[in-house]
Each structure stands twice: as C-alpha cells, then as structure tokens.
Amino acid sequence: MDKIVGYRDTLQAMRAFVHAGGALQHNHVNVYGHALPSPNPPWITLRFSNHNFEVSEINGQPIDYNYPQQLPAFDCGTFPFAFPVNPAAVNLNQKTQLLFLFAEAARSRVIQDRMEGSFAGYGDVDLQSLEVLARHYAATCEVVQINWVHPNRPLTRGDYLAYAATLPHGYPVRIAIEQLLA
Numbered sequence: 001m002d003k004i005v006g007y008r009d010t011l012q013a014m015r016a017f018v019h020a021g022g023a024l025q026h027n028h029v030n031v032y033g034h035a036l037p038s039p040n041p042p043w044i045t046l047r048f049s050n051h052n053f054e055v056s057e058i059n060g061q062p063i064d065y066n067y068p069q070q071l072p073a074f075d076c077g078t079f080p081f082a083f084p085v086n087p088a089a090v091n092l093n094q095k096t097q098l099l100f101l102f103a104e105a106a107r108s109r110v111i112q113d114r115m116e117g118s119f120a121g122y123g124d125v126d127l128q129s130l131e132v133l134a135r136h137y138a139a140t141c142e143v144v145q146i147n148w149v150h151p152n153r154p155l156t157r158g159d160y161l162a163y164a165a166t167l168p169h170g171y172p173v174r175i176a177i178e179q180l181l182a
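What follows is the structure in structure tokens.
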C-alpha cells in the first residue's frame, strides 16, 4: 500500500509541475530502492519536461522517446531492483516500462489504474494493450478539449471513449480502444 500512495503522490507532483508550465523547464523523478532515501542515492532518475511529461533522460543518459514494436509487460515485483542503478543506461524494454510507469500514467488515469493494480498484486500490466492510449494521447486531448502540452488533468476512460466515437465504425484504433475499455 505504501508503494501505491508514494506512486500516486509522485504522479500528482508531476501533473502539477507540467500543468503549471513556467520558467523551470525540467524536473526529476527519483526512485529509491530503500525505505529511506537519505543518505542513499536514487536507484533510478528520470528527467522530464514541463512540456507534456516528455522524458529526455533516464539515469543521466539521453533517451529516444519512441517505443519498440513489441512492448513488454510491466512486472512490479521486479521494480526497481531489476533496473540498472543510476547512472547506468537502461535497455529498450526497461525504458518502455519506466515511461509507461511515470509519463504515460501521469497523462492517463486508465494507465495509472493498471499500474496501481500491479502494485496491489493483480499481476503484470500488458503494455502492448495500452499502447493505443499512449499513441492517441494528443488526439484524445483535442477531442475532449484538454491542452495536451500542459494538461489540467489526466485522461479518463470516458475521454478515450469520446475520442473513439469520433472514428469510423470498424476502424482498428476505435476497435482497440473500445475492446480495451469494455
């Protein structure tokens, strides 16, 4: 339960930072592998922008934000200890898991709920099934009139369904969203 509370607090802080915009262009999320952060250094550090939660560095290493064709599952049982210790670089699957855990979850209440479910013991999160939500974030924001650069709230199930309803019947993206959120 403590992990879920800490996770929610982290996402709320990220959302407040991005919504406010302002002069400070970047902030960091530090993940600690120990109960007490001080004096231990962070296990993982993500540097993200106040522009749409875009992560530019993980563990001080610049990243390409693009996802692989086949996304991994997220297993909270391996987090954070299966990830390289700061300042080591992460591999493509680890990067994808971290981006969904933080940036994509900050953008989406649906993704946040799936991640919290994993922390609560409901199993791994199939990131491949959630990819459609991540890939259509800006378009969904446009339909529900949310500023995607500095959003005032995360997207909800209803927001994604509203976006899907604007797509033609039988369109693969519409089908994928409706099936995922059924």
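Note that our numbering numbers the sequence shown so that position 89 is 89, with each residue one more than the last. Glycine residues also receive a C-beta, built at the ideal position from the N, C-alpha and C atoms.
Among the bridge pairs identified by DSSP, residue 58 is matched with 46 and 61. In this structure residue 103 touches residue 55 by the C-beta definition: roughly 5 Å separates them, less than 8 Å. Inside the stretch 74-128, DSSP marks no whole beta strand (DSSP E) run of 3 or more residues. For residue 72, the number of other beta carbons within 10 angstroms of its own is at least 16, and it is reported as buried.
Secondary structure of residue 149 (DSSP, three-state): coil. Across the set 165, 80 and 8, the C-alpha of 80 shows the shortest separation from the C-alpha of residue 43.
In the structure shown, residue 161 falls within a helical segment according to DSSP collapsed to helix, strand and coil.
The alpha-carbon separation between residue 109 and residue 137 amounts to approximately 12 Å. Rounded to the nearest whole angstrom, the C-alpha separation of residue 27 and residue 179 is 35 Å.
Between the alpha carbons of residue 62 and residue 181 lies a distance of about 34 Å. Bounds of the beta strand (DSSP E) holding residue 31 are 26-31. With fewer than 16 other CB atoms across the displayed protein chains lying within 10 angstroms of its CB, residue 168 is exposed. With at least 16 other beta carbons inside 10 angstroms of its own, residue 59 counts as buried. Residue 166 and residue 107 have their C-alpha atoms some 20 Å from each other. For residue 143, the uninterrupted alpha helix (DSSP H) run begins and ends at 137-143, by DSSP. About 6 Å separates the CB atoms of residue 127 and residue 74; that is less than 8 Å, so the two are in contact.
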